[in-house]
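Inspection log for the structure reproduced underneath, given as structure tokens.
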Amino acid sequence: MRELRRARTSAGELAYRDLGDPEAPAVILVHGFPTSSHLWRHLAPLLSTSMRVLVPDLLGAGDSDKPEVPLGLPAQAAYLREWLGELGIERAAVVGHGIGGGVAQLLAAEGAVGALVLIDSAAFDAWPSEVTREAQAHAGGASPALVAAAIRTAFELGMRRGTLEEADLTEYVRPFTGAEGARAFGRWLRSFDGRGLEDATAPVAERRIPTLVLWGEEDPFFPAVIAERLGEAIPTASVALLPGCGHFLPEEAPETVGPLVAEYLRSRYLGRPHEHAPGPVRVELRRRPPMGEGGEP
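All the letters of the sequence shown, read from the start, carry residue numbers 275 to 571 under the numbering used here.
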């Protein structure tokens with residue numbers, strides 16, 4: 275992806291990438307935990323052919339500052355609103371994964387969001403998950419080695435299709451290396467609570483925001499029943515379930531997720547006709563390219 279840029283917020287500098295035509299309609303890709311903007315390395319270039327793609331690292335994660343400030347979902351949504359104001363973005367589509375999906379719902383509740391894509395998203399009262407609460411209990415004073423092991427374990431538990439390449443795991447661990455990095459990881463983890471999330475879906479429904487809900491059928495962190503609840507709560511939602519996949523869909527099935535998201539945004543956000551799916555549908559996974567066929571742009 276493109277080189278990092280930095281923008282100032284009231285809580286610190288936010289790192290982001292900016293792809294595509296700056297005059298095109300904007301889409302924001304919001305990562306979850308314990309990832310970074312690296313999660314979107316496959317999707318961002320694909321979307322950039324027709325949209326301006328903004329890919330931030332949330333404060334406390336990736337290459338953004340890691341200040342001792344509130345880092346919960348409402349705070350993250352507020353920081354992103356500041357950032358978008360600095361960029362002069364008044365309307366955008368938002369794609370969110372995990373807690374990034376929770377942030378996306380909060381952005382939609384208070385801002386001009388043209389379309390939503392929620393991928394294995396935090397929603398309702400399902401956050402923090404049981405696994406996250408257990409990790410929070412041991413977050414204080416974690417060593418760099420323990421942090422690296424925790425991130426590895428998150429992917430091992432969360433993925434059901436394929437495995438994460440070591441180079442990609444290293445990239446996710448990199449921002450939290452060393453003693454200060456480990457402390458920053460602990461701050462980010464301890465900041466998670468459910469405040470603001472239980473009521474975040476109602477405004478999305480009231481505003482009738484076009485919403486694509488993508489879910490791994492075998493997500494161990496956020497069970498697929500949450501996708502069904504979102505489909506029932508949001509009248510404009512289409513729900514797609516990916517069989518044999520877990521929580522990290524952008525890593526497990528990028529060859530399927532990319533075209534699904536791109537086509538949905540082209541139709542519902544950029545204006546081409548699209549039929550609303552009345553209930554959850556199972557999506558046939560595309561063939562995963564062999565090693566050496568393609569890769570990171």
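Glycine included, every Cβ here is placed at the ideal spot set by N, Cα and C. Remember, it's a predicted structure, so these values are computed and weren't measured experimentally.
Nearest-angstrom Cα distance between residue i and residue j?
| i | j | result |
| --- | --- | --- |
| G385 | R365 | 8 Å |
| P524 | E277 | 21 Å |
| L539 | A389 | 7 Å |
| P528 | L313 | 10 Å |
| E454 | L420 | 13 Å |
| E492 | G372 | 14 Å |
| D442 | F459 | 18 Å |
| P341 | R280 | 15 Å |
| R457 | A416 | 7 Å |
| I393 | L317 | 13 Å |
| T258 | C519 | The first residue shown for the chain is 275 and the last is 571, placing residue 258 beyond what the model contains. |
| Y543 | E537 | 10 Å |
| E472 | A396 | 10 Å |
| G374 | G306 | 5 Å |
| L321 | G336 | 21 Å |
| T406 | V535 | 27 Å |
| S311 | R469 | 24 Å |
| L381 | L559 | 30 Å |
Whose C-alpha, out of the options, is nearest the C-alpha of residue i?
| i | options | result |
| --- | --- | --- |
| D292 | V327, E537, L321 and V304 | V327 |
| D399 | E445, T475, E526 and A458 | T475 |
| P299 | I363, G286 and S284 | I363 |
| P517 | P497, T510 and R503 | P497 |
| E356 | A423, I500 and T283 | T283 |
| V369 | V329, G286 and A424 | V329 |
| A411 | T323, D339 and F466 | F466 |
| E430 | P494, R482, M275 and G452 | P494 |
| R464 | T451, T485, L515 and E408 | E408 |
| D462 | S512, I425 and A511 | The sequence shown places Trp at residue 462, rather than the Asp named in the question. The option with the nearest alpha carbon to W462 is I425. |
Going by DSSP, which residues form a beta bridge with residue i?
| i | result |
| --- | --- |
| V487 | L392 and V513 |
| D292 | L328 |
| A366 | A300 and V387 |
| G286 | T283 |
| H371 | I393 |
Roughly how far, in whole angstroms, is the beta-carbon of residue i from the beta-carbon of residue j, given that I think they are within contact range, below 8 Å?
| i | j | result |
| --- | --- | --- |
| L504 | V487 | 5 Å |
| V478 | I500 | So it is not a contact: roughly 14 Å between Cβ atoms. |
| V447 | A422 | 5 Å |
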